[in-house]
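There are 2 protein chains.
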Amino acid sequence: MVDPQARFEELTKKLRERGCRMTPQRVALLRLLTSAEDHPSAHQLYERLREQFPTTSLATVYKTLSLLYDMGEVLELGFGDHEARYDANRPDEHPHLICLRCWKVIDGRSSLLPNQVQEVAEGSGFQVTGHRLDLYGLCPDCQASEGA
Amino acid sequence: MVDPQARFEELTKKLRERGCRMTPQRVALLRLLTSAEDHPSAHQLYERLREQFPTTSLATVYKTLSLLYDMGEVLELGFGDHEARYDANRPDEHPHLICLRCWKVIDGRSSLLPNQVQEVAEGSGFQVTGHRLDLYGLCPDCQASEGA
DNA sequence: GTGCTTGCAAACAGTTTGCAGATAG
DNA sequence: CTATCTGCAAACTGTTTGCAAGCAC
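From first to last, the protein sequence lines are chains P and C.
With the working numbering, the residue at position 46 of the first sequence is 46, and numbering never jumps.
With the working numbering, the residue at position 105 of the second sequence is 1105, and numbering never jumps.
So this is what it looks like as structure tokens:
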């Protein structure tokens, strides 16, 4: 959907404009984020980053992720009882499909219409600024291996 | 929407049928849950329970909550970075409105239509078994006191 | 009496923070 | 040169677990 290379350059540019420094670790993390297709967790990113930088730490990953999050450049999918997943390719709000067995996360097809959002909030007096729609179920792989 | 007394009796009955014991603490917690209008957190329930049972513990609250959860009788709204909220009055799936300032949680008006859910999952091969829709924003109280 | 429940404390997972040394600009 | 970043360890929050004593049935 999004060209990884273009997104990488966009993020790099925005970070530089913010006065951030592009350390090798950070560059590698941006590469991982923009080329990831699987909504990785901080820990997964850490594992992948460690292949290139064996001494890197989880804290470094978290620090850059929260930096990007504050800039609105990464979507954070927090769950109550699992590690959060990150999406730096489509920082706009969109639905996700989450497999309850293997915990795979993929993007949903369409998005919620603004008037639907208003409908849900109607009568509440809420001033709605954002939303999140998650569908839970079984991914194709896990349906196939069900019961195993 | 739901009669607290009727819901209380329903939960009591289902727990008994499961072979669970109705201790005074548990009865009080069921009362709190069925009469709560505000989607309380485990900690809030604990505080309220402690007014009647000063020596009760958070663990007890969690244990009964997860028991109800396993029975499908309570909705758990987990967040990545705040305590989970519980709704034992409407264990069916329905949208919620969440205030980002005071963290108030109220029920949304309408529900997602099954064909909308299918639309989002279309082409993914996912077998969808559930969903969750949260709207974020400012509640009326917090809009009034904004900037304070 | 049996075994589920309580309540305490300790463990736990994911995330955040503090800080000294390293390094990008 | 200086401010940011790294990487380690320790702190932190919300939740879960182990276990001995208590209590519902």
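We treat Cβ as the ideally placed atom computed from N, Cα and C, and that holds for glycine.
Once DSSP output is grouped into helix, strand and coil, what is the label at C/E1009?
Here residue 1009 of chain C refers to the residue found at position 9 of the second sequence. It is helical.
Bridge partners - P/Q127, DSSP secondary structure assignment
Start at 1 with the first residue of the first sequence, and residue 127 of chain P comes out as number 127. Per DSSP, C/L1138.
Separation of C/K1014 from P/T64, as counted between CA atoms:
Here residue 64 of chain P corresponds to residue number 64 of the first sequence, with the count starting at 1. Here residue 1014 of chain C corresponds to residue number 14 of the second sequence, with the count starting at 1. Cα-Cα distance, rounded: 48 Å.
Closer than 9 Å between beta carbons: that is the criterion. Which residues of the region 108 to 129 of chain P meet it against chain C?
Those would be G108, R109, S110, S111, L112, Q116, V117, E119, V120, A121, E122, G123, S124, G125, F126, Q127, V128, T129, in chain order.
With a threshold of 7 Å (Cβ to nearest heavy atom), would C/E1017 be considered close to the ligand HEM?
Looking at this structure, you won't find the ligand HEM or any other ligand, since it has none at all.
Is C/L1067 helix, strand or coil when you go by DSSP?
Mapped onto the second sequence, residue 1067 of chain C falls at position 67. If DSSP states are grouped into helix, strand and coil, C/L1067 belongs with the helices.
Classify C/R1026: buried if its beta carbon has 16 or more other beta carbons within 10 angstroms, exposed otherwise.
Position 26 of the second sequence, counting from 1, holds the residue named residue 1026 of chain C. A buried status is given to C/R1026, since no fewer than 16 other beta-carbon atoms sit within 10 Å of its beta-carbon.
Is there contact between the region 71 to 88 of chain P and the region 114 to 122 of chain P, where contact requires at least three CB pairs shorter than 8 Å?
Put simply, the region 71 to 88 of chain P does not touch the region 114 to 122 of chain P. Fewer than three CB pairs are less than 8 Å apart.
Compare the C-beta of C/P1095 against all C-beta atoms of chain P and say whether one is closer than 8 Å.
By 1-based counting over the second sequence, the position of residue 1095 of chain C is 95. Taking Cβ atoms only, chain P reaches closer than 8 Å to C/P1095, which makes this a yes.
C/Q1127 to P/E83, Cα distance in whole Å?
On the second sequence, position 127 is the one that residue 1127 of chain C refers to. On the first sequence, position 83 is the one that residue 83 of chain P refers to. Spanning the two alpha carbons is a distance of roughly 23 Å.
If the cut is a Cβ gap below 7 Å, which residues of chain C does P/A84 touch?
For the purposes of this step, residue 84 of chain P is taken as the residue at position 84 of the first sequence. Contact note: P/A84 reaches chain C through G1080, using a C-beta cutoff of 7 Å and chain order.
Taking the alpha-carbon of P/I85 as reference, which of P/M22, P/K104, P/D92 has the nearest alpha-carbon?
Position 85 of the first sequence, counting from 1, holds the residue named residue 85 of chain P. Here residue 85 of chain P turns out to be Arg, not Ile, going by the sequence shown. When only C-alpha atoms are compared, the closest one is P/K104.
When you compare the CB positions of C/R1109 and P/V120, do they come within less than 8 Å of one another, or not?
As a first step, residue 1109 of chain C is located in the second sequence; it is residue number 109 there, counting from the start. As a first step, residue 120 of chain P is located in the first sequence; it is residue number 120 there, counting from the start. Yes; because the gap between Cβ atoms is below 8 Å, this pair is in contact.
Using a Cβ-Cβ cutoff of less than 8 Å, which residues in the same chain neighbour C/L1011 once the five nearest sequence positions on both sides are dropped?
In the second sequence, counting from the first residue as 1, residue 1011 of chain C sits at position 11. Non-local beta-carbon contacts of C/L1011 in its own chain, meaning distances under 8 Å to residues more than five positions away in sequence, involve L1030, L1033, T1034, L1068, E1073, A1088 in chain order.
By DSSP's criteria, P/E76 is part of a beta bridge. Which residues make up the other side?
Within the first sequence, residue 76 of chain P is the residue found at index 76, counting from 1. Answer is P/Y86.
I want to verify the contact list: residues of chain P whose CB lies under 9 Å from the CB of C/C1139, in sequence order.
Mapped onto the second sequence, residue 1139 of chain C falls at position 139. Taking a Cβ-Cβ cut-off of 9 Å, the neighbours of C/C1139 in chain P comprise S124, G125, F126, Q127, given in sequence order.
Taking Cβ to Cβ, would you say P/S177 is nearer than 8 Å to C/I1098?
This structure leaves residue 177 of chain P out entirely; chain P is present only between 1 and 148.
May I ask you to report which of helix, strand or coil DSSP gives P/K110?
The sequence position of residue 110 of chain P within the first sequence is 110, counting from 1. At residue 110 of chain P the sequence reads Ser, which differs from the Lys that was named. DSSP places P/S110 in the coil class of the three-state scheme, outside both helix and strand.
Can you tell me which of the three DSSP states P/L49 falls into?
By one-based count along the first sequence, residue 49 of chain P stands at place 49. Under the three-state reduction of DSSP output, P/L49 falls in the helix class.
Own chain residues within Cβ distance below 6 Å of C/P1095, not counting five before or after:
As a first step, residue 1095 of chain C is located in the second sequence; it is residue number 95 there, counting from the start. Sequence-distant partners of C/P1095 (beyond 5 residues in either direction) whose C-beta falls short of 6 Å from its own C-beta, in its chain, are G1108, L1133.
Would DSSP call P/R21 helix, strand or coil?
The residue labelled residue 21 of chain P in the question sits at position 21 within the first sequence. Collapsing the DSSP output to three states places P/R21 in coil.
Cβ of P/Y136 within 8 Å of any chain C Cβ:
Looking up residue 136 of chain P in the first sequence gives position 136. Yes, its Cβ sits closer than 8 Å to a Cβ of chain C.
Tell me, please, which residues DSSP counts as bridged to P/E43.
Position 43 of the first sequence, counted from the first residue, corresponds to residue 43 of chain P. In the sequence on display, residue 43 of chain P carries His and not Glu. DSSP lists no partner for P/H43.
Could you please give me the residues that DSSP links to C/H1096 through a beta bridge?
Position 96 of the second sequence, counted from the start, is the residue given in the question as residue 1096 of chain C. Partner(s): C/D1107, C/D1134.
My understanding is that C/E1093 touches C/G1130, with C-beta atoms under 8 Å, so please give their C-beta distance in whole angstroms.
For the purposes of this step, residue 1093 of chain C is taken as the residue at position 93 of the second sequence. For the purposes of this step, residue 1130 of chain C is taken as the residue at position 130 of the second sequence. Distance from C/E1093 to C/G1130 at the Cβ level is roughly 6 Å; contact confirmed, criterion being Cβ atoms closer than 8 Å.
Chain-order list of residues whose beta-carbon lies under 6 Å from that of C/Y1046 (same chain, five-residue window excluded):
Taking the second sequence and counting its residues from 1, one reaches residue 1046 of chain C at position 46. A distance below 6 Å between beta-carbons, with the five flanking residues on each side excluded, links C/Y1046 to the following residues of its chain, in chain order: L1058, V1061.
Buried or exposed: C/H1043, going by 16 or more other Cβ atoms within 10 Å of its Cβ?
Within the second sequence, the letter at position 43 stands for residue 1043 of chain C. Counting the other Cβ atoms within 10 Å of the Cβ of C/H1043 gives fewer than 16, which makes it exposed.
Distance check for P/T56 and P/Q143, CA to CA, integer angstroms please.
Within the first sequence, the letter at position 143 stands for residue 143 of chain P. Within the first sequence, the letter at position 56 stands for residue 56 of chain P. C-alpha separation (whole angstroms): 37 Å.
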